[in-house]
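Notes follow the structure.
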Amino acid sequence: MQADVELISVTKRYGGGAVAVDNVSLAIPPGSYCCLLGPSGCGKTSTLRMIAGHEEVSEGDILLAGRNVTDMAPAQRGTAMMFQSYALFPHLTALENVAFGPRMRGVAKAERLKRAGEFLDLVQLGTMAGRLPSQLSGGQQQRVALARALITHPKVLLLDEPLSALDPFLRTQMREELKRLQRELGITFIHVTHGQEEAMALSDIAVVMEGGRIVQAAHPREVFERPASAFVARFIGGHNVLALPPGSFAVRTDRCRLVPSGGQISGTVTAIEYQGAAVRVVVACPDGQAAEALLPDGLFHAAPVAPGDAVSLGWEAADAHLLATHHAA
Amino acid sequence: MRRSALFSWLQAAPLALVLAVFLLVPMAMLVIVSFFDYDSYSLIPDFVLTNYRESFSSAVTWRTFGKTLWFAGLTWVITFGIGFWVAYYLAFVVRGDMPRMVLFVLCTVPFWTSNLIRMIAWVPFLGRNGLMNSALIGMGAINKPLEFLLFSDFAVVLAFVHLYTLFMVVPVFNTMLRIDRRLLEAARDAGAGFWQTLWCVILPLTKPGIGIGSIFVVVLVMGDFATVRLMSGGQSASVGLMISNQIGLMQYPAAAANAVGLLAMVLLLMAAILRAIDIRREL
Numbered sequence: 116m117q118a119d120v121e122l123i124s125v126t127k128r129y130g131g132g133a134v135a136v137d138n139v140s141l142a143i144p145p146g147s148y149c150c151l152l153g154p155s156g157c158g159k160t161s162t163l164r165m166i167a168g169h170e171e172v173s174e175g176d177i178l179l180a181g182r183n184v185t186d187m188a189p190a191q192r193g194t195a196m197m198f199q200s201y202a203l204f205p206h207l208t209a210l211e212n213v214a215f216g217p218r219m220r221g222v223a224k225a226e227r228l229k230r231a232g233e234f235l236d237l238v239q240l241g242t243m244a245g246r247l248p249s250q251l252s253g254g255q256q257q258r259v260a261l262a263r264a265l266i267t268h269p270k271v272l273l274l275d276e277p278l279s280a281l282d283p284f285l286r287t288q289m290r291e292e293l294k295r296l297q298r299e300l301g302i303t304f305i306h307v308t309h310g311q312e313e314a315m316a317l318s319d320i321a322v323v324m325e326g327g328r329i330v331q332a333a334h335p336r337e338v339f340e341r342p343a344s345a346f347v348a349r350f351i352g353g354h355n356v357l358a359l360p361p362g363s364f365a366v367r368t369d370r371c372r373l374v375p376s377g378g379q380i381s382g383t384v385t386a387i388e389y390q391g392a393a394v395r396v397v398v399a400c401p402d403g404q405a406a407e408a409l410l411p412d413g414l415f416h417a418a419p420v421a422p423g424d425a426v427s428l429g430w431e432a433a434d435a436h437l438l439a440t441h442h443a444a
Numbered sequence: 000m001r002r003s004a005l006f007s008w009l010q011a012a013p014l015a016l017v018l019a020v021f022l023l024v025p026m027a028m029l030v031i032v033s034f035f036d037y038d039s040y041s042l043i044p045d046f047v048l049t050n051y052r053e054s055f056s057s058a059v060t061w062r063t064f065g066k067t068l069w070f071a072g073l074t075w076v077i078t079f080g081i082g083f084w085v086a087y088y089l090a091f092v093v094r095g096d097m098p099r100m101v102l103f104v105l106c107t108v109p110f111w112t113s114n115l116i117r118m119i120a121w122v123p124f125l126g127r128n129g130l131m132n133s134a135l136i137g138m139g140a141i142n143k144p145l146e147f148l149l150f151s152d153f154a155v156v157l158a159f160v161h162l163y164t165l166f167m168v169v170p171v172f173n174t175m176l177r178i179d180r181r182l183l184e185a186a187r188d189a190g191a192g193f194w195q196t197l198w199c200v201i202l203p204l205t206k207p208g209i210g211i212g213s214i215f216v217v218v219l220v221m222g223d224f225a226t227v228r229l230m231s232g233g234q235s236a237s238v239g240l241m242i243s244n245q246i247g248l249m250q251y252p253a254a255a256a257n258a259v260g261l262l263a264m265v266l267l268l269m270a271a272i273l274r275a276i277d278i279r280r281e282l
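Residue numbers (our numbering), protein chains in the order written: chain G, 116 to 444; chain W, 0 to 282.
What follows is the structure, encoded as structure tokens:
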């Protein structure tokens, strides 16, 4: 099947010679939810902005549905972008904001306002049509931004850290809604985030970036179970990255258990964190490495330990995931 | 009265006092004097309407008011046309805060000398045998000097534009700087071209600055008399110049009546501008 979005050796160089995106290639199948994930400065936002057409591509090509769009204006590409902090027009009402795209394309007023109303209903904001952005809450502004992006019927929706400005409760709710919309509309969403939890919850493909390159692009389950490098294992979380005689490897903290003796590594407990369903136990080893175990609460409370106790940490050999010492660049 | 209320009144008092002494009292005096009678030597306290009747029954007064409005309107159109694009260039085209500030300061350089000097500087340039005419004759573009360059309405408006464009640039530039750049990207993303972005996003968001700049320019031009006298060589008149001449002739009540008329006109214009544009967002 032809990819919806394809990046071919895309590079972004800024004026000072700094390379933001370094020779990135990626194919995203149609109708998928793709998350670009990484710490700040990893090039994920530059990549998104190049796909949107708001940033020039220094080298390489961008294909949307098989069409080379590298040098096209944003509106010609069939993409729409939802900006971080929403970028709603402060002088226009919610309805007029949503109707902005059709207005620019010369759709008659009655027609575009009717369509804008339908899209406001789609994001459950039909009753707020007459309000200015400053009279809307953060979550409502976001819905308006979403409706404004969707009204142009994009083939690909680009979202730049859409959830970062929301409080945690709203974020979870909005996350479900994004996923629902993506499923119902059947279009590709590309979503930039620095939150691994967000990426795991939403994506069909999680693209982990580091230093302008893609270090792993796969289903989040694949990324979580077989991280491609120590960086990925650390960034995605829930892993101990350890160096023991066979080499460097990652092991999931929830697969680690406290054993009386004879575990793979030993040390002293430095911290215990109660998390409700689980308890996190941090162990410092004499050789300077730190590891942690995420124990189900029942298991922990059956044999509790306290900070300062000497413990041994063990796991099934099959759970240790060997990491290549130098990941392919 | 509660203590805190008294304190608030005390805090507001100094400004209220300044405004009362330097604004309200002189205005009241102006209005009172406009009803006085006068002869060649003295003011005669009275309540007569003759000053207004004489002034506003004369076609010359109405023509002068019309001319003043025309100067203000033309100057506004040109200063807005130039000022908007200068501000646009500074705010959106120039990259980086440092070059932007340098260019902005460069715009203010003419303001380091007085208005009068800047006006007089035009004389050797525009005069009958001035630089402009000499150059044009030298190039063979014309064979006798252009007369309209100096001591004409053209010269007056040119001087106004030169003097007051910056008063349009500064508030417009200031408002434009506050426009979130992502809004322009969002407009482009929605398919807006350059002119559509300008018309549908930048212009509405720049309105408060345009309003403030317009008030500056209109008020300055309406009250002017020196520029009109100097640059028109006495061949044109404005209300300000008319008032100034009446003061020279010691006709204070007549001058006061015209001043009240001018004040009324300026206030009406301000009301119209403020009605069209909500500048409170900017203050």
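All C-beta atoms in this analysis are idealised placements derived from N, C-alpha and C, irrespective of residue type, glycine included.
Would you verify that the beta carbon of residue i is, or is not, closer than 8 Å to some beta carbon of chain W?
| i | result |
| --- | --- |
| Gly216(G) | yes |
| Pro283(G) | no |
| Phe204(G) | yes |
| Phe198(G) | yes |
| His268(G) | no |
| Pro154(G) | no |
| Ala433(G) | no |
| Pro248(G) | no |
| Ala209(G) | no |
| Arg220(G) | yes |
| His442(G) | In this predicted model, His442(G) has a pLDDT of only 44, less than 50, meaning its place in the structure is not dependable enough to derive any value. |
| Pro189(G) | yes |
| Ala195(G) | yes |
Excluding the 5 residues preceding and the 5 following residue i in the sequence, name in chain order all residues of the same chain whose CB lies nearer than 7 Å to its CB.
| i | result |
| --- | --- |
| Ile302(G) | Gly146, Pro269, Lys270, Val271 and Leu272 |
| Leu266(W) | none |
| Ala120(W) | none |
| Thr67(W) | Met221, Ser237 and Val238 |
Of all Cβ atoms in chain G, is any one closer than 8 Å to the Cβ of residue i?
| i | result |
| --- | --- |
| Ala255(W) | no |
| Pro203(W) | yes |
| Leu145(W) | no |
| Leu182(W) | yes |
| Gly208(W) | no |
| Asp223(W) | no |
| Val200(W) | yes |
| Ala90(W) | no |
| Asp277(W) | no |
| Asp179(W) | yes |
| Gln234(W) | no |
| Gln195(W) | yes |
| Ala134(W) | no |
| Ala270(W) | no |
Is the separation between the beta-carbon of residue i and that of residue j shorter than 8 Å?
| i | j | result |
| --- | --- | --- |
| Ile305(G) | Leu163(G) | yes |
| Phe234(G) | Ala260(G) | no |
| Gly153(G) | Met315(G) | no |
| Glu276(G) | Gln199(G) | yes |
| Thr208(G) | Arg246(G) | yes |
| Val172(G) | Lys127(G) | yes |
| Val160(W) | Thr74(W) | yes |
| Val120(G) | Val136(G) | no |
| Val165(W) | Phe110(W) | According to the sequence provided, residue 165(W) is Leu. The question's Val does not apply to it. In contact: Leu165(W) and Phe110(W) (Cβ atoms closer than 8 Å). |
| Arg336(G) | Leu317(G) | no |
| Met165(G) | Ala264(G) | no |
| Asp36(W) | Pro252(W) | yes |
Leaving out five residues on either side along the sequence, give the residues of the same chain with a beta carbon under 8 Å from the beta carbon of residue i.
| i | result |
| --- | --- |
| Phe124(W) | Leu130 and Met131 |
| Gly126(W) | Asn132, Leu148 and Leu149 |
| Thr196(W) | Leu183, Ala186 and Arg187 |
| Asp424(G) | Thr383 and Val384 |
| Phe204(G) | Glu211, Asn212, Phe215 and Pro248 |
Assuming residue i contacts residue j (C-beta within less than 8 Å), just tell me the rounded distance between them.
| i | j | result |
| --- | --- | --- |
| Leu373(G) | Leu409(G) | The Cβ separation is near 11 Å, so there is no contact. |
| Leu357(G) | Val366(G) | 7 Å |
| Gly327(G) | Gly158(G) | 4 Å |
| Ala406(G) | Asn355(G) | 4 Å |
| Leu141(G) | Ala332(G) | 6 Å |
Whose C-beta lies closer than 6 Å to the C-beta of residue i among residues of the same chain, with five residues either side of it excluded?
| i | result |
| --- | --- |
| Ala214(G) | Arg227, Leu228 and Ala231 |
Taking C-beta pairs closer than 9 Å, name the residues in chain A that residue i reaches, listed in chain order.
| i | result |
| --- | --- |
| His169(G) | Protein chains in the displayed structure are G and W, and chain A is not among them. |
The region 173-191 of chain W in contact with the region 223-242 of chain W per 3-pair CB rule at 8 Å: With fewer than three CB-CB distances shorter than 8 Å, the region 173-191 of chain W does not count as touching the region 223-242 of chain W.
The region 204-222 of chain G touching the region 211-219 of chain W, judged by at least three CB pairs closer than 8 Å: Taking a contact to require three or more Cβ pairs closer than 8 Å, the region 204-222 of chain G and the region 211-219 of chain W do not qualify as touching.
Three-pair Cβ contact test at 8 Å for the region 144-156 of chain W versus the region 230-238 of chain W: Two segments are said to touch when three or more pairs of C-beta atoms, one from each, lie closer than 8 Å; by this definition the region 144-156 of chain W touches the region 230-238 of chain W.
Any 3 or more C-beta pairs closer than 8 Å across the region 197-209 of chain W and the region 29-48 of chain W: Short answer: they don't touch.
Stretch-stretch touch, CB-based, cutoff 8 Å, three pairs: the region 3-15 of chain W with the region 388-402 of chain G: Note that the region 3-15 of chain W does not touch the region 388-402 of chain G; fewer than 3 beta-carbon pairs, one per stretch, sit closer than 8 Å.
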